[in-house]
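Participant:
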Amino acid sequence: MNRAQSDLWFHRAESVILGGVNSPSRSYKSVGGGTPIVMSRGEGSKFYDVDGNEYIDYLAGYGPSILGHAHPEITRTISQAASDGILYGTPTTSEVLFAEQLRVAIPDLERIRFVNSGTEAVMTTIRVARAYTGRTRIIKFAGCYHGHSDAMLVAAGSGPSSMGVPDSAGVTKSTAEEVITVPFNDLDALEQALATHGTDVAAVLVEPIVGNFGIVAPKDDQYLESVIQLAHHHGALVVFDEVITAFRFHYGSAAQLYDVHPDLFALGKIIGGGLPIGAYGGRRDVMEKVAPLGPAYQAGTMAGNPLSMRTGISCLNVLRQPGIYDEMAARAKRLVEATTAAAQRYRVPVTVNRVGGAFTVFFGDRPVRNYDDAQATDSKQFARYYHLLADNGILIAPSKYEAWFVSAVHTDDDIDKTCEVIERVFHELA
Ligand code: PMP
Numbered sequence: 004m005n006r007a008q009s010d011l012w013f014h015r016a017e018s019v020i021l022g023g024v025n026s027p028s029r030s031y032k033s034v035g036g037g038t039p040i041v042m043s044r045g046e047g048s049k050f051y052d053v054d055g056n057e058y059i060d061y062l063a064g065y066g067p068s069i070l071g072h073a074h075p076e077i078t079r080t081i082s083q084a085a086s087d088g089i090l091y092g093t094p095t096t097s098e099v100l101f102a103e104q105l106r107v108a109i110p111d112l113e114r115i116r117f118v119n120s121g122t123e124a125v126m127t128t129i130r131v132a133r134a135y136t137g138r139t140r141i142i143k144f145a146g147c148y149h150g151h152s153d154a155m156l157v158a159a160g161s162g163p164s165s166m167g168v169p170d171s172a173g174v175t176k177s178t179a180e181e182v183i184t185v186p187f188n189d190l191d192a193l194e195q196a197l198a199t200h201g202t203d204v205a206a207v208l209v210e211p212i213v214g215n216f217g218i219v220a221p222k223d224d225q226y227l228e229s230v231i232q233l234a235h236h237h238g239a240l241v242v243f244d245e246v247i248t249a250f251r252f253h254y255g256s257a258a259q260l261y262d263v264h265p266d267l268f269a270l271g272k273i274i275g276g277g278l279p280i281g282a283y284g285g286r287r288d289v290m291e292k293v294a295p296l297g298p299a300y301q302a303g304t305m306a307g308n309p310l311s312m313r314t315g316i317s318c319l320n321v322l323r324q325p326g327i328y329d330e331m332a333a334r335a336k337r338l339v340e341a342t343t344a345a346a347q348r349y350r351v352p353v354t355v356n357r358v359g360g361a362f363t364v365f366f367g368d369r370p371v372r373n374y375d376d377a378q379a380t381d382s383k384q385f386a387r388y389y390h391l392l393a394d395n396g397i398l399i400a401p402s403k404y405e406a407w408f409v410s411a412v413h414t415d416d417d418i419d420k421t422c423e424v425i426e427r428v429f430h431e432l433a
């Protein structure tokens, strides 16, 4: 595949944009190097690089693009919203309508605030939990990624883990000491951490279905409820980081799938329909700690901007159509079946974790239930797999800690083509 223009643009990028990328996970550092592909245009389930090569997109912008590229509803909404003016700095009807729509979908969002990214959303839930409890410490799970605020870069997954720097330079020791990490899917470890630090733990923060050391589901239907009970027993709040999971697996939260009720949620990605967004919310008595009603401060010039609000409304309207999530799950299942069949045929050890329309192919034959398991999988084999897929017109995220995302616009034809490529790729990997 000729990528001469991509190479040129990327090298040009490197001389003005630090590292050539605006987010480190876009670099090829964790897939053995190479030049990231520079994209120019997308339509439906496909996008095209600056050389005109076509790729079926399973990267989905790291999650948000569940309606693919240039979805007619989204495009129409953005242009209408733009023609009404894009920023007022006052309350608007669209933010009210969107907040109502989110609360109908996720009734536990008794009060909500819109921000501009998942990072901001999580960062603020921590502040609010501290304000509510008067406590300092946070418990998180090793390998979960919760954005790049200082405290959250302790044992963080996704970008940081694939870069091999789970603890970022520039984060002070005292900040890191406020964060306790325990392995996911291990209630004993959580119980022990709470027994030791429980009187000073403000919140337990979790991705209810992990997306940042690959897709990893809770070990059973009771796990998340037990996390909540343990935290509450020690007077700590529970924050579900649903930046990836909300509206990914069904029209609502992952909490609803397990019939559990965290105190606070952090949201982002899909709810913006592809535009920048974040949101946090939950229990009214907890949220009332936030200014202007309470003493915890959070603000934003762009927060609740009409462009993101109206696009979010449109995106959720499309996602409410019946059958949409079943179709994504069925298509992902076909891809997983093709993967495991090809892996068996060519004797390449893989473990695939799938939830609905999202899955991760781990190169190793042991189950992956926590970050250690994910780290132990074969990075070199993943890197070869990534490049072979890309060279055959299939694009996923360049890291073994990410996921394939099937979108609402992938067609059976896309899946057929992808299954053929998977077969070829495993033949080469063998
Ligand atoms: N939480 C989770 C679970 C995420 O996956 C991410 C981003 N990958 C974030 C928070 C941070 O979101 P953003 O990149 O929008 O700041």
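Residue numbers (the working numbering): 4 to 433.
Each residue gets a CB set at the ideal place from its N, CA and C atoms; glycine is no exception.
#1: Residues bridged to Ile142 by DSSP?
#2: Helix, strand or coil: how does DSSP classify Asp223 here?
#3: Have a look at Leu227, Ala346 and Tyr135 and flag the residue whose alpha-carbon is nearest the alpha-carbon of Phe144.
#4: Hey, is the segment 309–326 in contact with the segment 63–71, meaning 3+ C-beta pairs nearer than 8 angstroms?
#5: Helix, strand or coil: which one does DSSP assign to Gly238?
#6: At 3 residues or longer, and completely inside the segment 42–88: list those beta strand (DSSP E) runs for me, N to C.
#7: Tell me, please, which residues DSSP counts as bridged to Leu270.
#8: List the DSSP bridge partners of Val131.
#9: Would you list, in sequence order, the uninterrupted beta strand (DSSP E) runs of no fewer than 3 residues that lie entirely inside the segment 361–409?
#10: Which of helix, strand or coil does DSSP assign to Asn308?
#11: Within 8 angstroms of any Cβ in chain D, is that where the Cβ of Ala154 sits?
#12: Output the boundary residues of the alpha helix (DSSP H) element that contains Tyr342.
#13: Is the beta carbon of Leu156 sitting closer than 8 angstroms to the one on Val185?
#14: One question on the structure: do Pro401 and Ser33 come within less than 8 angstroms of each other, judged by their Cβ atoms?
#15: Is Asp247 near the ligand PMP, in the sense that its beta carbon is under 7 angstroms from a heavy atom of that ligand?
#16: Going straight from the alpha carbon of Ser18 to that of Asp153, what length do you get?
#17: Compare the Cα-Cα distances from Leu3 to each of Pro75, Phe216 and Pro265 and report the closest residue.
#18: Determine the direct distance from the alpha carbon of Arg44 to that of Asp415, and round the result to whole angstroms.
#19: What residue range does the beta strand (DSSP E) around Thr354 cover?
#20: Pick out whichever of Phe13, His14, Asp52 and Val24 has its Cα sitting closest to the Cα of Met4.
#21: So, is Thr139 buried or exposed, given that buried needs 16 or more other C-beta atoms within 10 angstroms?
Facilitator: The answer reads as follows:
#1: Within the sequence shown, residue 142 is the residue found at index 139, counting from 1. Its beta-bridge partners are Ile183 and Val207.
#2: The sequence position of residue 223 within the sequence shown is 220, counting from 1. Coil at Asp223, not helix or strand.
#3: Taking the sequence shown and counting its residues from 1, the one referred to as residue 144 is at position 141. Looking at the Cα atoms, Leu227 is the closest of the given residues.
#4: yes
#5: As a working mapping, residue 238 is identified with position 235 in the sequence shown. Note: Gly238 maps to coil in three-state DSSP.
#6: 42–46, 49–52 and 57–60
#7: Here residue 270 refers to the residue found at position 267 of the sequence shown. DSSP, once it has assigned bridges, lists Ala282 as partnering Leu270.
#8: Residue mapping note: residue 131 aligns to position 128 of the sequence shown, counting from 1. The partner list for Val131 (beta bridge, DSSP) is empty, contrary to what the question assumes.
#9: 361–365
#10: Position 305 of the sequence shown, counting from 1, holds the residue named residue 308. In the structure shown, Asn308 sits in coil (DSSP, three-state: anything other than H, G, I, E or B).
#11: The structure shown has no chain D; it contains just one protein chain.
#12: Within the sequence shown, the letter at position 339 stands for residue 342. Residue identity differs from the one stated: residue 342 is Thr in this sequence, not Tyr. Element bounds for Thr342: Ile327 to Arg348.
#13: Translated into positions along the sequence shown, residue 156 becomes position 153. Translated into positions along the sequence shown, residue 185 becomes position 182. Taking 8 angstroms as the Cβ cut-off, Leu156 and Val185 do not qualify as a contacting pair.
#14: On the sequence shown, residue 401 is found 398 positions in, with the first residue counted as 1. On the sequence shown, residue 33 is found 30 positions in, with the first residue counted as 1. For Pro401 and Ser33, yes; Cβs fall inside 8 angstroms.
#15: The sequence position of residue 247 within the sequence shown is 244, counting from 1. The amino acid occupying residue 247 in the given sequence is Ile; Asp does not appear at that position. It does: the Cβ of Ile247 is within 7 angstroms (strictly closer) of some heavy atom of the ligand PMP.
#16: Residue numbering aside, residue 18 sits at position 15 when the sequence shown is read from its first letter. Residue numbering aside, residue 153 sits at position 150 when the sequence shown is read from its first letter. Approximately 28 angstroms, taken between the alpha carbons.
#17: Residue 3 lies beyond the residue range present for the chain, which begins at 4 and ends at 433; the question has no answer from this structure.
#18: Counting from 1 along the sequence shown, the entry for residue 415 is found at position 412. Counting from 1 along the sequence shown, the entry for residue 44 is found at position 41. Approximately 22 angstroms between the Cα atoms of the pair.
#19: In the sequence shown, the residue the question calls residue 354 occupies position 351. Note, Thr354: beta strand (DSSP E), Thr354 to Val358.
#20: Here residue 4 corresponds to residue number 1 of the sequence shown, with the count starting at 1. The option with the nearest alpha carbon to Met4 is Asp52.
#21: The residue labelled residue 139 in the question sits at position 136 within the sequence shown. Exposed.
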